[in-house]
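Peer 1: The numbering of the sequence shown is the working numbering, which starts it at 2 and goes up by one.
Dropping a structure here in structure tokens format, bear with me for questions.
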Amino acid sequence: MMRQSYSKIQQIGTFIGSIPSFETKKSFFASKPYILLFMIFSLLGFQSTSFGQSQVEIIKADSLVGQNTPFMQIRKLLGNVALRQGTTLVYCTQAILNETTNVLEAYGKVKIIQADTVTITGDTAYYFGNDRLAKMNGRVKLDDGTIILTTKQMDYNLNSHVAYYNTNGKIVDKKSTLTSREGYYNTVTKLFDFKHNVKVVDKDGSLTADSLRYSTLSKEAFFIAPTTIVNKKDTTYANPGSQYNTITKIANLKGRSTVKTDDYVMTADTMIYDPPTEIGIANGNIVFVSKKDKAILTGEHGRYAKKIGVTRVFGRALLKNVFENDTLFLTADTLVSLDNKETKTRKLYAYKKVQVYKSDLSAKCDSLSYNVSDSTIYFYQKPILWNNKNQSEADSINILLKNNKVHVMNMKGKSFVVSVDTLNNYNQVKGRKIVANFTKDSKVEKVSVDGNGESIYFAIDDKNKLTGMNRVQCSKMNMYFGKSKISKIAFLAKPDGKFMPPKEIKEDDKELDGFRWKIADKPSKESILKKVAYIAPVETKPVPKDSVSQKKSPVKTPAKPLAKKNIKK
Numbered sequence: 002m003m004r005q006s007y008s009k010i011q012q013i014g015t016f017i018g019s020i021p022s023f024e025t026k027k028s029f030f031a032s033k034p035y036i037l038l039f040m041i042f043s044l045l046g047f048q049s050t051s052f053g054q055s056q057v058e059i060i061k062a063d064s065l066v067g068q069n070t071p072f073m074q075i076r077k078l079l080g081n082v083a084l085r086q087g088t089t090l091v092y093c094t095q096a097i098l099n100e101t102t103n104v105l106e107a108y109g110k111v112k113i114i115q116a117d118t119v120t121i122t123g124d125t126a127y128y129f130g131n132d133r134l135a136k137m138n139g140r141v142k143l144d145d146g147t148i149i150l151t152t153k154q155m156d157y158n159l160n161s162h163v164a165y166y167n168t169n170g171k172i173v174d175k176k177s178t179l180t181s182r183e184g185y186y187n188t189v190t191k192l193f194d195f196k197h198n199v200k201v202v203d204k205d206g207s208l209t210a211d212s213l214r215y216s217t218l219s220k221e222a223f224f225i226a227p228t229t230i231v232n233k234k235d236t237t238y239a240n241p242g243s244q245y246n247t248i249t250k251i252a253n254l255k256g257r258s259t260v261k262t263d264d265y266v267m268t269a270d271t272m273i274y275d276p277p278t279e280i281g282i283a284n285g286n287i288v289f290v291s292k293k294d295k296a297i298l299t300g301e302h303g304r305y306a307k308k309i310g311v312t313r314v315f316g317r318a319l320l321k322n323v324f325e326n327d328t329l330f331l332t333a334d335t336l337v338s339l340d341n342k343e344t345k346t347r348k349l350y351a352y353k354k355v356q357v358y359k360s361d362l363s364a365k366c367d368s369l370s371y372n373v374s375d376s377t378i379y380f381y382q383k384p385i386l387w388n389n390k391n392q393s394e395a396d397s398i399n400i401l402l403k404n405n406k407v408h409v410m411n412m413k414g415k416s417f418v419v420s421v422d423t424l425n426n427y428n429q430v431k432g433r434k435i436v437a438n439f440t441k442d443s444k445v446e447k448v449s450v451d452g453n454g455e456s457i458y459f460a461i462d463d464k465n466k467l468t469g470m471n472r473v474q475c476s477k478m479n480m481y482f483g484k485s486k487i488s489k490i491a492f493l494a495k496p497d498g499k500f501m502p503p504k505e506i507k508e509d510d511k512e513l514d515g516f517r518w519k520i521a522d523k524p525s526k527e528s529i530l531k532k533v534a535y536i537a538p539v540e541t542k543p544v545p546k547d548s549v550s551q552k553k554s555p556v557k558t559p560a561k562p563l564a565k566k567n568i569k570k
């Protein structure tokens, strides 16, 4: 640069030396001093930031008019105008080039081509050569070979390769169209940042948001504001931090997002959902709602495959099945729901540490299956059930619900039923197989024993006074109940029994072998909800609705606990 400046100073000296004599030179510059200053500034390249920047050069024009004013050289070009700055070409029908400030005004069919990779067209443009900034106006279009962007006004920085508009823009690629009020586009990284009224539309659906980042290479959308995705079969409500591939339709959702289909609603802290295969993987406080069955599944983790009709929830898993006047609560380590589209039936399976609560029923077992279609629940591996003041145990138990109430209970293998009467005595029945029938209000109406039957029942008179205790062995028997006491008993085989008056009854006589009253283990609604209680994660600061230019909010970390020795009582 020093060599160039020195060369220009030599040119000035040569020019001054060409004036005939000293007196002539003196009178010439004395009468027109600004010409000398203008010559010096022009030859030295006096521009605001010309050092390190190339001059906009004229390639061609049908006509050229030069205009020199103090400190300014202006060229007016008409017809088939072409100019160049480095690898950037500018075409138009008319132009005004200020060679001093290196600023170009272009009019009529303006086209700017940067390194044969980006083409921008418009009606008019201002091109600032020193800053390499183009301000396009009119019917503006940008084409980088990947997308076509159209808008009314646009600024394009050729140094940073970033285009900016705030007059509503439309971006079209091979498979989708995106519109927004404001946007930034980097023609090198192919990343778009959109703001205000953002919408992406393709043949399969649409995406709307207030702000969005989009890659035209990977066709992925990065959510920086709450976003809604509507496809043919489902609707997704996603929060900031989520991603969505507009080609594969796979959504990687974060920040408590929700997916809605015709039959189900899924919500979780994080979720991966693939609409074409209708497979979802959810983690963190998941909520899965079946609209048809009015059932809600919750837990820590979940898997969903609609085409094969399988839903799996594990980790503090809970089913809430809502009936007309009641709700069934069922918790286990793992819950699996199977929907058979051919038979239009639904079954639920629960595994490990199963607990059930309903207003008229509580139960504990290792595993169970629930046939929702015929309202039958099967309990396996040492099940124990409580119904009003009744306790039932067996190797396996199944119950039939009618009008959402317990109607029939079938017990198989080492069956044992205990019923508390009005005097808090424990009526007991045991056998190989027991069938219990219930009234409409879920009270025991009849107990039938088949095989190795044994019973203890207390006789109570009309004045609710104990008159004695019966202890009977009979392979088959039927016991009828009324007003919370045995009203009738029928022995269908040869019974072996003994009646004991109240004074002869000993404590050891009051219990059959294997009797245990386990009311303390009875699940309640409160105990089940406490077991599956969700522990909220550490909160983060909310992301601003318009967050294109915002920094990420720092995550609050919990304070470290004090050492025990430092805690004052």
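The beta-carbon is built from N, C-alpha and C at its ideal position, and this holds for glycine as well.
When DSSP labels each residue in this structure, what does D124 get in the three-state scheme?
Peer 2: In the structure shown, D124 sits in a strand (DSSP, three-state: E or B).
Peer 1: Would you mind reading off the limits of the beta strand (DSSP E) that contains E183?
Peer 2: Where E183 is concerned, the enclosing beta strand (DSSP E) stretches over 183-187.
Peer 1: Quick one: what's got a C-beta closer than 7 Å to K293's C-beta in the same chain, skipping five residues either side?
Peer 2: The residues are D264.
Peer 1: Out of Q95, E455, K348, D396, which has the shortest C-alpha to C-alpha gap to F380?
Peer 2: Ranking the options by Cα distance to F380, first place goes to D396.
Peer 1: With DSSP run on the structure shown, which of helix, strand or coil describes D514?
Peer 2: In the structure shown, D514 sits in coil (DSSP, three-state: anything other than H, G, I, E or B).
Peer 1: With respect to the beta strand (DSSP E) encompassing S64, which residues constitute its N-terminal and C-terminal limits?
Peer 2: Here the beta strand (DSSP E) through S64 covers 64-70.
Peer 1: Kindly provide the ranges of any alpha helix (DSSP H) runs that are 4 or more residues long and lie completely inside the stretch 89-175, ordered along the chain.
Peer 2: Runs of the alpha helix (DSSP H) inside the stretch 89-175: none found.
Peer 1: Report buried or exposed for V104, applying the criterion of at least 16 other Cβ atoms within 10 angstroms of its Cβ.
Peer 2: Buried.
Peer 1: Bridge partners of A269, per DSSP?
Peer 2: Paired residue(s): S258.
Peer 1: For K477 versus A494, is the C-beta distance shorter than 8 Å?
Peer 2: Cβ distance < 8 Å, so K477 and A494 count as in contact.
Peer 1: Using C-beta distances below 6 Å, list every residue in its chain close to Y481, excluding the 5 sequence neighbours before and after it, in chain order.
Peer 2: These residues qualify, in order along the chain: K447, S488, K489.
Peer 1: What is the DSSP secondary structure of K444, counted as helix, strand or coil?
Peer 2: Reduced to three states, the DSSP call for K444 is coil.
Peer 1: Check each candidate in M155, K191, S420 and name the one with the smallest Cα separation from W518.
Peer 2: Minimum Cα distance to W518 is reached at S420.
Peer 1: I'd like the list of long-range same chain contacts for Y215, defined as Cβ closer than 6 Å, with 5 residues on each side in sequence excluded.
Peer 2: F193, A222.
Peer 1: I need the straight-line Cα distance from Y157 to S207, nearest angstrom please.
Peer 2: Going by the C-alpha atoms only, they are around 28 Å apart.
Peer 1: Grab the span of the alpha helix (DSSP H) containing L530 for me, first residue to last.
Peer 2: Unbroken alpha helix (DSSP H) run through L530: 526-532.
Peer 1: Report the partner residues of C366 according to the DSSP bridge assignment.
Peer 2: Answer by DSSP bridge pairing, in chain order: V355.
Peer 1: Contact between the stretch 267-281 and the stretch 320-329 is defined here as three or more beta-carbon pairs at a separation below 8 Å; is this criterion met?
Peer 2: In short, these stretches do not touch, since the Cβ pair count stays below three.
Peer 1: Would you grab the beta carbon distance between I385 and K365 for me? Rounded to a whole angstrom, and I think it's under 8 Å.
Peer 2: About 5 Å separates the two Cβ atoms, so the contact holds.
Peer 1: Identify every residue that forms a DSSP beta bridge with K250.
Peer 2: According to DSSP, K250 bridges with nothing at all.
Peer 1: Where does A521 sit, in a helix, a strand or coil, going by DSSP?
Peer 2: Residue state, collapsed to three classes: helix.
Peer 1: Once DSSP output is grouped into helix, strand and coil, what is the label at K499?
Peer 2: Reduced to three states, the DSSP call for K499 is strand.
Peer 1: Please check the pair I75 and I97, which I expect to be a contact at CB under 8 Å, by giving their CB distance rounded to whole angstroms.
Peer 2: Yes, I75 and I97 are in contact; Cβ-Cβ is about 7 Å, under 8 Å.
Peer 1: Taking 8 Å as the cut-off, does the stretch 287-307 touch the stretch 239-257 (at least 3 CB pairs, one atom from each stretch)?
Peer 2: Flag = no, the stretch 239-257 and the stretch 287-307 do not touch.
Peer 1: Rounded to a whole number of angstroms, what is the C-alpha to C-alpha distance between V409 and Y427?
Peer 2: Rounded to whole angstroms, V409 to Y427 spans 21 Å at the Cα level.
Peer 1: Are the Cβ atoms of V314 and G281 separated by less than 8 Å?
Peer 2: Not a contact, by the Cβ cut-off of 8 Å.
Peer 1: A491 and N479: beta carbons closer than 8 Å?
Peer 2: For A491 and N479, yes; Cβs fall inside 8 Å.
Peer 1: On the three-state DSSP scale, how would you describe E325?
Peer 2: Coil.
Peer 1: Would the beta-carbon of A164 fall within 8 Å of that of L143?
Peer 2: It is a contact, given that the beta carbons lie within the stated cut-off.
Peer 1: Could you give the C-beta distance for Q474 and G454, rounded to a whole number, given that I count them as a contact under 8 Å?
Peer 2: Q474 to G454, Cβ: 7 Å. Contact.
Peer 1: Between T180 and H162, what straight-line distance do the alpha-carbon atoms span, to the nearest angstrom?
Peer 2: Each residue's Cα considered, the two are about 20 Å apart.
Peer 1: Of the residues N160, Y186, V418, D340, which one's Cα is nearest the Cα of G170?
Peer 2: G170 has its Cα closest to that of Y186, out of N160, Y186, V418, D340.
Peer 1: In angstroms with no decimal places, state the Cα-to-Cα distance between T217 and I148.
Peer 2: Taking the straight line joining both Cα atoms gives about 7 Å.
Peer 1: In the DSSP output, which residue or residues are listed as bridge partners for S207?
Peer 2: Answer by DSSP bridge pairing, in chain order: V202, V231.
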